[in-house]
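The block underneath contains the structure these notes are about, expressed in C-alpha cells.
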Amino acid sequence: MTTTIKQTQPIGIFDSGIGGLTVARAITKLLPNEQIIYFGDTAHMPYGEKSAEAIKNYSVKIAEFLKFKNCKMIVIACNTASAAGYKAVVKSTGMKDLIVNVIDPAAQYVVKNHYRQKIGVIGTKRTVSSNVYAKRIEALDPLSNVVQLATPLLAPMIEEGFYNNKISQTIINSYLGKSKLSKIDALILGCTHYPLVKAEIQKFYGKSVEVIDSSEIVALHVKSVLEKHQLLNPTVPSKFSFGKKAQQFIVSDYTQSFEETSKIFFDEKVKLKQYNIWE
Ligand code: DGL
171 MTTTIKQTQP
181 IGIFDSGIGG
191 LTVARAITKL
201 LPNEQIIYFG
211 DTAHMPYGEK
221 SAEAIKNYSV
231 KIAEFLKFKN
241 CKMIVIACNT
251 ASAAGYKAVV
261 KSTGMKDLIV
271 NVIDPAAQYV
281 VKNHYRQKIG
291 VIGTKRTVSS
301 NVYAKRIEAL
311 DPLSNVVQLA
321 TPLLAPMIEE
331 GFYNNKISQT
341 IINSYLGKSK
351 LSKIDALILG
361 CTHYPLVKAE
371 IQKFYGKSVE
381 VIDSSEIVAL
391 HVKSVLEKHQ
401 LLNPTVPSKF
411 SFGKKAQQFI
421 VSDYTQSFEE
431 TSKIFFDEKV
441 KLKQYNIWE
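First residue of the sequence shown? That's 171 in my numbering, and the numbers climb one at a time after it.
Structure (C-alpha cells):
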C-alpha cells in the first residue's frame with residue numbers, strides 16, 4: 171500500500187551535532203511555513219574522526235527515526251554523514267527523491283557558476299579523505315579542477331565560541347595560506363559549522379574568491395525539490411498551529427552547553443530535547 175505524503179508533514183534534518191543548525195536556519199528562513207524536526211547526534215559527535223562504517227550506521231538509524239516521525243523529506247545537514255551515509259540512507263528509507271544531502275547541491279552550483287575554474291574545498295578529515303566533493307564535481311564535469319584541505323580545528327574552535335576574533339582569524343589565515351589552496355577561484359565551505367566564519371574567510375581572500383556557503387544553496391535545493399513534488403506547505407503558520415513553537419530540536423545526548431552553543435548556529439534560542447534512539 172502506498173501512503174500519500176502530505177504538504178503539512180515536517181522536514182527532518184540531521185547532523186552529527188549542532189552545526190547542522192546552520193542548514194536548519196537557512197531552510198526555516200527561506201521556507202517559514204515548514205515545520206522541522208532536527209536531530210543532532212551529540213552522543214556520537216564529532217563524526218569527522220569516526221570510521222565511514224560507523225557514520226553510515228548512525229545515519230541510517232537517524233533517518234529511519236525521522237521517517238518514523240512522519241517526515242516528508244530528510245535533509246542530511248552534515249557533510250561527513252552526506253559523504254559516508256547518503257547511499258545507505260536512500261536505500262534504507264526508500265525515499266530517494268526526498269533525501270537531500272549537502273554535497274550535490276554545492277557540486278551543481280560550482281559546475282554552473284565556476285565551470286572549469288579551480289575549486290577549493292575545506293572540511294573535516296573524514297569528508298576530505300572521502301574525496302566526495304571531487305568525485306561529485308567530476309561526475310558533472312570530468313575536466314574539473316578540485317583541491318581539498320582538511321581543516322579539523324575549525325569546528326571545535328567555533329563551538330568554543332572562537333569566531334570573529336583575532337585567534338580565529340589567525341587559525342583561518344594559517345589554513346587558507348597553505349599552498350594547496352593557492353590560486354583558487356571559489357571555496358566550498360564543506361562543513362556545516364563554517365558559515366559562522368564565512369566573513370573571516372572572505373576577508374582572507376578579499377573579492378577574488380567566491381566563498382560558497384552551502385547552507386543557503388541547500389535551502390534553495392530543498393525548496394525546488396518540494397516544489398517539484400508539490401510538497402511545499404501552503405499553510406501560513408501561527409503560533410497556535412505550528413509556527414516556530416512547534417519546531418522540534420532533538421539530541422541524542424543533552425547538555426546545557428550544547429543548548430547554549432545551539433543559539434550561535436540557529437541564530438536564536440533553541441530548546442533541545444534529549445531522545446536516545448539507540449536505547
Ligand atoms: N557537521 C559536520 C560536517 O558538516 C562536522 C562536525 C563533525 O565532525 O561531527 O561535516
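Don't be surprised by glycine CBs; every beta carbon is placed ideally from N, CA and C.
Remember, predicted model here, so these are calculated numbers, not experimental data.
For residue i, three-class secondary structure by DSSP
i, result
"N343", "helix"
"N271", "strand"
"Y208", "strand"
"K348", "coil"
"N315", "strand"
"F428", "helix"
"I387", "helix"
"L323", "coil"
"L310", "helix"
"K266", "helix"
"K199", "helix"
"V440", "coil"
"G218", "helix"
"I188", "coil"
"I447", "coil"
"F412", "Confidence at F412 is low in this model, with a pLDDT of 48, below 50, so the placement of that residue should be treated as unreliable; the coordinate-derived value is given next. Note: F412 maps to coil in three-state DSSP."
"I246", "strand"
"G255", "helix"
"E223", "helix"
"L401", "coil"
"F332", "coil"
"T174", "coil"
"K393", "helix"
"A213", "coil"
"K237", "helix"
Beta bridge counterpart(s) of residue i as assigned by DSSP
i, result
"T381", "The displayed chain sequence assigns Val, not Thr, to residue 381. Answer is L357."
"I232", "DSSP, once it has assigned bridges, lists no residue as partnering I232."
"A277", "None; A277 has no bridge partner."
"Q372", "Its beta-bridge partners do not exist; DSSP assigns none."
"Q287", "BP columns for Q287 are empty, so no partner."
"F419", "Y208 and L442"
"I292", "L319 and L359"
"G182", "I207 and I244"
Status (buried if at least 16 other CB within 10 Å, exposed otherwise) for residue i
i, result
"R296", "buried"
"K157", "Within the shown structure, residues of the chain are numbered from 171 to 449, placing residue 157 beyond reach of any answer."
"S385", "buried"
"K350", "exposed"
"A309", "exposed"
"S378", "exposed"
"P312", "exposed"
"I232", "buried"
"F410", "At F410 the pLDDT is 47, less than 50, meaning the model places this residue with poor confidence and gives no usable figure here."
"N271", "buried"
"S352", "exposed"
"K237", "buried"
"N334", "exposed"
"I519", "Lying outside 171 to 449, the shown extent of the chain, residue 519 is not represented and no answer is given."
"P326", "exposed"
"E330", "exposed"
"E430", "exposed"
Closer than 7 Å: residue i CB and nearest the ligand DGL heavy atom
i, result
"P216", "yes"
"N249", "yes"
"A325", "yes"
"T431", "no"
"H363", "yes"
"D185", "yes"
"T297", "yes"
"G189", "yes"
CB contact check: residue i to chain B, cutoff 8 Å
i, result
"Y279", "Among the chains in the structure shown there is no chain B, since it carries only a single protein chain."
The ligand ZN heavy atom lying under 7 Å from the CB of residue i
i, result
"T294", "Judged by which ligands are present, the ligand ZN is missing from the structure shown, whose ligands are the ligand DGL."
*Do the region 263-283 and the region 194-201 meet, that is, are 3 or more Cβ pairs less than 8 Å apart?*
no
*Specify whether the region 313-324 and the region 285-303 touch according to this definition: at least 3 beta carbon pairs, one from each stretch, less than 8 Å apart.*
Counting C-beta pairs closer than 8 Å gives three or more between the region 313-324 and the region 285-303, which meets the contact rule.
*Are the region 414-426 and the region 385-400 in contact at 8 Å, needing three or more beta carbon pairs?*
no
_With a threshold of 8 Å, are at least 3 pairs of Cβ atoms found where one atom belongs to the region 176-191 and the other to the region 205-223?_
yes
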